[in-house]
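Residue numbers (numbering that gives the first Met the number 0): 0 to 289.
For reference, the structure discussed in these notes is given below.
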Amino acid sequence: MSTHFLHNSSQDLIKLLESKRNYDFIINIDKEDNKREFYAHSIILEVRSSYFEDVLSNGLVRKENNIFIVDFPDISVNAFKILIRYIYGGTIYLDHVEAADVLNLLFACEKLKLYELYDYVQDSFIKHHESWIFQNFVLIQQLSSKYSDFTKLQNYLTTAVCEQPEILFGANNFTSIGKEALLSICKDENLCIEENELWDHIIRWGKAQNAELHEEINNWTNNDFDILKKSLEDFLPLIRFYEISSEDFCFKIMPYSLILSNELFQDLSKFHLVSNWKPKFNNLVPRKVN
0 MSTHFLHNSS
10 QDLIKLLESK
20 RNYDFIINID
30 KEDNKREFYA
40 HSIILEVRSS
50 YFEDVLSNGL
60 VRKENNIFIV
70 DFPDISVNAF
80 KILIRYIYGG
90 TIYLDHVEAA
100 DVLNLLFACE
110 KLKLYELYDY
120 VQDSFIKHHE
130 SWIFQNFVLI
140 QQLSSKYSDF
150 TKLQNYLTTA
160 VCEQPEILFG
170 ANNFTSIGKE
180 ALLSICKDEN
190 LCIEENELWD
200 HIIRWGKAQN
210 AELHEEINNW
220 TNNDFDILKK
230 SLEDFLPLIR
240 FYEISSEDFC
250 FKIMPYSLIL
260 SNELFQDLSK
270 FHLVSNWKPK
280 FNNLVPRKVN
């Protein structure tokens with residue numbers, strides 16, 4: 000018969016971490032005024048983290064006076080406190096951790112290759128910090144899109160913006176979202192938004208990418224329209240122009256007719272002016288607008 004004392008073993012290792020006895024590894028966390036040193040043991044780091052296993056086995060860590068030293072300026076102190084205790088003790092609790100620290104923790108897990116924590120941290124972040132996620136949607140979306148393994152968070156963000164487009168398009172920093180991220184959202188047939196509203200947002204985004212464009216388009220030259228057209232060339236095929244009312248076509252689309260192909264604009268004009276006109280370019284399924 001075997002008996003397990005995992006809790007005692009975990010607590011003993013935490014005591015070793017806190018005592019700093021016989022440490023041979025210094026980890027510099029954060030930067031400038033927030034910078035802090037953590038003292039650890041290379042043998043424990045090596046067996047608990049693939050990152051440390053890689054750098055230690057390949058001699059990629061600098062060593063001074065027989066002490067290994069690494070710097071992680073982009074990991075916050077609060078996030079690393081949680082991670083180092085997990086590395087030593089094997090336990091982690093995030094229910095009462097601030098949202099920003101959980102997000103930083105997720106990226107720290109990726110840096111240290113703590114793959115087993117990916118799903119747990121993403122689940123906790125989504126469960127406990129929905130309002131914070133919505134308030135910082137653009138930032139989180141852009142950060143998460145850089146990491147292919149954060150599929151739970153990415154899928155959650157996609158579903159959220161499709162159901163509540165205002166969390167993205169109503170954000171003060173909406174125009175800072177990257178092109179590929181915005182394209183992905185516009186391609187989603189589940190995006191619940193009126194087409195004329197999406198057009199407004201795409202135009203606003205395109206203008207923001209080109210600071211030289213005057214806000215009042217009456218002052219634009221043909222070159223100005225060419226600049227906007229270039230920025231939006233991948234978005235225009237995603238707009239369901241034939242779902243836009245005649246009134247909105249007149250006041251929202253026509254002022255920007257020069258960014259459309261002549262064939263499309265002529266066909267749209269006939270669609271709104273000629274009864275029973277059969278559209279030539281109406282090949283997109285209508286969105287599922289609530």
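Here a beta-carbon is modelled for each residue, glycine too, at the ideal position from N, C-alpha and C.
In this text the structure is predicted, and so the values were computed from the model without any measurement.
Within-8 angstroms CB hit, residue i to chain C
i: Tyr85; result: The structure shown has no chain C; it contains just one protein chain.
Buried versus exposed, by CB contacts within 10 Å (16 or more), residue i
i: Ser123; result: buried
i: Phe24; result: buried
i: Asn221; result: exposed
i: Cys354; result: The first residue shown for the chain is 0 and the last is 289, placing residue 354 beyond what the model contains.
i: Tyr92; result: exposed
i: Lys206; result: buried
i: His6; result: exposed
i: Gln153; result: buried
Straight-line Cα distance separating residue j from residue i
i: Tyr241; j: Trp198; result: 12 angstroms
i: Val96; j: Leu102; result: 10 angstroms
i: Ser260; j: Glu31; result: 53 angstroms
i: Lys80; j: Thr150; result: 25 angstroms
i: Ile43; j: Val54; result: 14 angstroms
i: Ile238; j: Leu227; result: 15 angstroms
i: Glu262; j: Val69; result: 60 angstroms
i: Leu111; j: Glu194; result: 43 angstroms
One or two residues paired with residue i in a DSSP bridge
i: Asp70; result: Asn27
i: Tyr38; result: Ile25
i: Lys62; result: Phe67
Same chain, Cβ closer than 8 angstroms to residue i, neighbours up to 5 away in sequence not counted
i: Thr157; result: Ser183, Ile184, Asp187
i: Asp94; result: Ser123, His127
i: Ser245; result: His271
Neighbourhood of residue i by C-beta distance below 7 angstroms, restricted to the same chain and skipping five residues each side
i: Val76; result: Ile28, Asp29, Asn33, Arg35
The beta strand (DSSP E) enclosing residue i, as first and last residue numbers
i: Lys279; result: Segment: none, Lys279 is in no beta strand (DSSP E) and carries neither H nor E.
Beta-carbon contacts of residue i that lie in its chain and below 6 angstroms, excluding the five residues immediately before and after
i: Thr174; result: Trp204, Ala207
i: Asn281; result: Tyr241
First and last residue of the uninterrupted alpha helix (DSSP H) at residue i
i: Ile252; result: Here Ile252 belongs to no alpha helix (DSSP H), and DSSP marks it neither H nor E.
i: His127; result: 117-127
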